[in-house]
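S.K.: To start, I am sharing the structure in question, which I have written as structure tokens.
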Amino acid sequence: MDRNTAAHTLSAQLMRGLLEVEVEGSVGAPDALFGFAERHNPKRAFLFVSKVLGRHIPARPSVMNASYDSLAAKIPADLPGPVLVIGMAETAVGLGAGVHRAYSRTRADTVYMVSTRHPTGTGLFTRFEEEHSHASAHLIHMPVEADIRDAMLNARSLVLVDDEASTGKTFINLHRALVEAGLGKLEQVVTCVLTDWSGSAVRDSIGPSTHQTSLLQGSYRFNEDVDAPLPVMPAVGTVEAGDWPLSARNDWGRLGVRQVADTLAPDLQIKAGERVLVVGTSEFVWRPFLLAERLERAGADVHFSSTSRSPIALGHAIEHALSFADNYGLGIPNFLYNVSPGQFDRVLICSETPAQAVSAQLLKALNAQVIVNEQ
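Just so you know, we're using the working numbering here: the sequence shown kicks off at 4 and counts up by one.
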């Protein structure tokens, strides 16, 4: 990454063109918040990679939590309730949960849900498209519990959380899908992202009752080389059920929650200063994060990361990549970025599917232990 500190102009030369960004405002140094990468995706070449998200770059739980608190503090405190908070699959489901946790400390009328690419076998409320994505289809399930369902359907405020907004189109698509499916009482909409490059696009589309909040705001230009070859993107866009069905009993957000308990590996012991990596899998990241947070408080040197179905090229912010079969039995590749064998004393891979569903190749490469969500 090249950086002009005076003008806050940053750029990256990618294989398919030059990406330039102008940072207009930032909570902290821009270089501490994000880096650049290149997608294996013919629809969009570039990716803004968060350094505080714990997805593509391992991050300390305390650093991640600080971003949750900072974003939640930017959400208007006087939003009319109930307040429905939605985290975007797959990258921002943990970020959304963290923002919801922080925001819900000040009020009791909030509900958290996620968009998902995993069917649960329960009813579907709506679906929408993230048009530029490697996996464009998103599902929103209908909550099963009556009080959660009532809070969702009667929500007067909507908080949409994602790691970044490039154009704002995904937020616009989701808002439209929710209203058309029956959320007719919405008065206020808040977008909540780590980095926002979308200008006033969401507010211009949805209306003046929209608030756009972020840790960094700016604009970007991508000067694409039209002669550069387009990459072949692996087929990772399925929203079908895999060989390992999900249990609604173990829900942490797909069906809506008020709060999620810290239940993974309650008796796990660590040594002071032990270098531990806790890895979430796909969308299953919030309970693994709570485990990582607990281990950090107990004195371990903890980082958090997650597997992903997002295909990203090596280079820039992506220094290392592992590829392996997904743990849902979908037959699609998954990836773990910026984690090298031997980098940590202990690697804990957390799964909502049975232990035997987790890639033996991944476990062997990292000498990892599987932690299964059994609650």
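Note that CB positions come from ideal geometry on N, CA and C, so glycine has one too.
Hey, out of P232, R110, G171, A62, whose CA is closest to L82's CA?
M.R.: For the purposes of this step, residue 82 is taken as the residue at position 79 of the sequence shown. The shortest Cα separation from L82 among P232, R110, G171, A62 belongs to R110.
S.K.: Taking only the alpha-carbon atoms, compute the straight-line gap between V305 and A275 and give it to the nearest angstrom.
M.R.: Here residue 305 refers to the residue found at position 302 of the sequence shown. Here residue 275 refers to the residue found at position 272 of the sequence shown. Cα to Cα, the separation comes out at about 11 Å.
S.K.: For W255 versus G332, is the C-beta distance shorter than 7 Å?
M.R.: Along the sequence shown, one-based indexing puts residue 255 at 252. Along the sequence shown, one-based indexing puts residue 332 at 329. Against a cut-off of 7 Å, the Cβ pair of G332 and W255 comes out as no contact.
S.K.: From the DSSP secondary-structure annotation, give me the bridge partner or partners of T216.
M.R.: Numbered from its first residue, the sequence shown carries residue 216 at position 213. The partner list for T216 (beta bridge, DSSP) reads C195.
S.K.: Note down, in chain order, each residue of its chain lying with its Cβ closer than 6 Å to the Cβ of V375, except the 5 sequence neighbours on either side.
M.R.: Looking up residue 375 in the sequence shown gives position 372. So the list reads S354, A358, once near-sequence residues are dropped.
S.K.: So L219 and G28 are in contact, right, with Cβ under 8 Å, and what is the actual spacing, rounded?
M.R.: As a first step, residue 219 must be located in the sequence shown, where it is residue number 216. As a first step, residue 28 must be located in the sequence shown, where it is residue number 25. Right, their Cβ atoms sit about 7 Å apart.
S.K.: Give the single residue among L317, A268, R120, K367 whose Cα lies nearest to the Cα of G90.
M.R.: Sequence index remark: in the sequence shown, residue 90 carries index 87 (1-based). For G90, the nearest C-alpha among the options comes from R120.
S.K.: Using three-state DSSP, classify T173 as helix, strand or coil.
M.R.: Counting from 1 along the sequence shown, the entry for residue 173 is found at position 170. It is helical.
S.K.: What does a CB cutoff of less than 7 Å around A138 pick up in its chain, not counting 5 residues either side in sequence?
M.R.: Position 135 of the sequence shown, counted from the first residue, corresponds to residue 138. Per-residue confidence for A138 stands at a pLDDT of 49, beneath the threshold of 50, marking its modelled position as unreliable; the derived number appears in the next sentence. Hits under 7 Å: R120, V239, G240, R312.
S.K.: Helix or strand or just coil, what does DSSP make of L17?
M.R.: Taking the sequence shown and counting its residues from 1, the one referred to as residue 17 is at position 14. The answer is strand: DSSP assigns L17 an E or B state.
S.K.: Measuring alpha carbon to alpha carbon, tell me which residue in F51, P291, P45 is nearest A35.
M.R.: Taking the sequence shown and counting its residues from 1, one reaches residue 35 at position 32. The option with the nearest alpha carbon to A35 is F51.
S.K.: Looking only at its chain, what residues have a beta carbon closer than 7 Å to the beta carbon of M236, apart from the 5 residues adjacent to it on each side?
M.R.: For the purposes of this step, residue 236 is taken as the residue at position 233 of the sequence shown. Answer for M236: H43, N44, P45, H137, P314, listed in chain order.
S.K.: Going by DSSP, what residue range makes up the beta strand (DSSP E) through P237?
M.R.: As a first step, residue 237 is located in the sequence shown; it is residue number 234 there, counting from the start. It is not in any beta strand (DSSP E) - P237 carries neither H nor E in the DSSP assignment.
S.K.: Where do the N-terminal and C-terminal ends of the beta strand (DSSP E) with G283 fall, by residue?
M.R.: Position 280 of the sequence shown, counted from the start, is the residue given in the question as residue 283. Start and end: 278-283.
S.K.: With distance defined between alpha-carbon atoms, name the residue in H141, L74, T310, I273 nearest to E296.
M.R.: Here residue 296 refers to the residue found at position 293 when the sequence shown is read from its first residue. Of the listed residues, the one whose Cα sits closest to E296 is I273.
S.K.: Enumerated in chain order, which unbroken segments of the alpha helix (DSSP H) with a length of 4 residues or greater are wholly contained in the segment 73-103?
M.R.: You should have found no qualifying run.
S.K.: I'd like to confirm something about S208: is its beta-carbon nearer than 6 Å to some heavy atom of the ligand ZN, or not?
M.R.: Ligands are entirely absent from the displayed structure, and the ligand ZN is therefore not among its contents.
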